[in-house]
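Written below as C-alpha cells is the structure these notes are about.
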Amino acid sequence: MDKKETVSRAALALTRQCTDEPLFVNQDMKHLPNRKVIIDMVNELRRVLFPGYYGEENITDSNPEYFIGNSLTCIYEALYQQVSAALSYKCEKFGTCHEQAEEICNTFFEKLPYIQKMLLKDVQAAFEGDPAALSHEDVIFSYPGLFAICVYRIAHELYVQKVPFIPRIMTEYAHAKTGIDINSGARIGEYFFIDHGTGVVIGETTRIGNHVKIYQGVTLGALSTRSGQQLAGVKRHPTIEDHVTIYSGSSILGGETVIGRDSVIGGNAFITESVAAGTRVTVKTPEMKFRQTKSREAALSIWE
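Our numbering puts the last residue of the sequence shown at 286; the count rises by one with no breaks.
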C-alpha cells in the first residue's frame, strides 16, 4: 500500500466517523468559539485594565480615553461573536442567542471597573506580602500569580452569567502559562496573593475571603469526584476565611471544610476537616538520622 492510498483510507474512515458522531456534526449552523480569538481578547483586556503595561502604547503620550474606548470597542465585538457562538449550543432559536449575547456583553462591560479595582487590590497584596517585590509596577509586569488572578477575575464574570466554554478556555490559558489552575467558578475576595504559584489548584466551588495568601503547590480541592456529574453544582471544595495564609504543598479538601479566619496552614499539611479561627496548623518534622560516612575505599568496596 503506497502513501497516497494509506492517507486516502485514513481520511475516508475519519470522515465516516465524523459524519456519524454527534460531537462533530454541524447542526443548525452551530459552531464552537474560536480559542485564539478568546486568548487574544484576554490579552487585550489586560492592556485596558493595566494601560501602558502590556502594549507598545505610552499612555502618558496619548489620550487614555481614546485608547481605552477604541480597545473596548474591538473587544466588545469579539466577545459578542464568541459568546453568540458559545450560546448557540443551548439556544433553541438561533436569534435568541444574539439577544442573550448582547445582554451578557453589556453586563460584563459594566463589571470592568470593578474588575480593575479588585486587581489593583491584588497588586497591593502582592507588594505588601512579598519583600522581594521591587515595586507595584514590578508585580504587574512580572508576577505569574497576578496574571492568573487577572484572567480568573475576567473569566469569573462570564462564569456567573453561565457562558459556556469561554471561561474555561480563559483559565486554562492562564494555567498553561503559569502552572496555576484557578477554576472560573471559585469565589475569591479582595487582596488575594499567590506567591510563586506553580502547582496551585483552586477548585470550582472554593470560597476564599479577603487578604488570603497562598504559596506554590497548594490544592484547594474535592475529597472525591467518583460520582462525576452527580456532583455538578454541589459544593465540594473548601472555604477559606479572611486573613489566612497557606504555605507550600498543603492540600485542603472537601466542601464542608472551613479554614477559620486568621489561621496559618503550614507546609505539606493534608486537611479534610474544618480548622477553628486563629489556628496554626503545622506538620511535625520527620525525624532525621545522621551516621558517619564510610571512607571512600570502604564505600567502593561494596560495589566491587
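Built from N, CA and C at the ideal position, the CB exists for glycine as well.
Within a Cβ cutoff of 6 Å, which residues of the same chain sit near residue i, ignoring the five residues on either side of it in sequence?
i    : result
G287 : The question about residue 287 has no answer here: the residues shown for the chain are numbered -17 through 286.
I284 : Residue placement at I284 is flagged as unreliable, the pLDDT there being 47, under the threshold of 50; a coordinate-derived value is accordingly withheld.
H118 : V105 and F109
Y155 : I21
R218 : T187, A204 and G237
P166 : As written in the sequence, residue 166 is Ser, which differs from the Pro given in the question. A137, H138, Y141, P149 and T153, listed in sequence order.
T221 : R189 and V240
Using C-beta distances below 7 Å, list every residue in its chain close to residue i, excluding the 5 sequence neighbours before and after it, in chain order.
i    : result
P126 : T160, I162 and G179
Y62  : A83, E84 and C87
C79  : S66, L69, S70 and C73
T254 : L205, L235, G236 and T239
I97  : L31, R135, I136 and E139
Distance check for residue j and residue i, CA to CA, integer angstroms please.
i     : j      : result
T55   : E84    : 13 Å
R51   : G37    : Arg is not the amino acid found at residue 51; the sequence shown has Gly there. Those two C-alpha atoms are separated by around 15 Å.
E59   : K103   : 29 Å
A(-7) : L14    : 22 Å
H157  : D(-16) : 43 Å
K266  : H193   : 27 Å
I234  : V182   : 12 Å
S66   : V246   : 44 Å
A258  : T239   : 10 Å
C0    : A168   : 35 Å
G171  : I241   : 15 Å
R29   : K195   : 25 Å
Y35   : F272   : 52 Å
I184  : V24    : 20 Å
E286  : E269   : Reliability of the predicted coordinates at E286 is poor, the pLDDT of 46 falling under 50, and the value obtained from them is presented with this limitation in mind. Cα to Cα, the separation comes out at about 32 Å.
F175  : V226   : 11 Å
I131  : E92    : 19 Å
Y229  : Y197   : 5 Å
F252  : T261   : 15 Å
F49   : L27    : 12 Å
D112  : P95    : 26 Å
Could you please give the first and the last residue of the uninterrupted beta strand (DSSP E) stretch that includes residue i?
i    : result
S233 : S233 to L235
Grouping DSSP H, G and I as helix and E and B as strand, with all else coil, what is residue i?
i      : result
R135   : helix
T(-3)  : helix
I241   : strand
V257   : strand
T264   : coil
F129   : helix
F6     : coil
V(-11) : helix
F90    : helix
V246   : strand
D(-16) : coil
F272   : coil
D104   : helix
Specify, as a first and last residue, the run of the alpha helix (DSSP H) that residue i falls within.
i    : result
H118 : H118 to S124
N25  : R17 to L31
R150 : I148 to T160
S288 : As displayed, the chain neither begins before -17 nor continues past 286, which places residue 288 out of reach and without an answer.
Only counting the same chain, and skipping five residues up and downstream in sequence, which positions put a Cβ closer than 8 Å to that of residue i?
i     : result
P146  : A68, L69, Y71 and K72
L(-4) : none
P122  : Before going on, a small fix: residue 122 reads as Ile here, not Pro. Within the same chain, I122 has close Cβ partners F32, Y35, V105 and L128.
P46   : P33
Which residue spans inside the region 170 to 223 form an unbroken beta strand (DSSP E) run of at least 3?
Correct list: 201 to 203.
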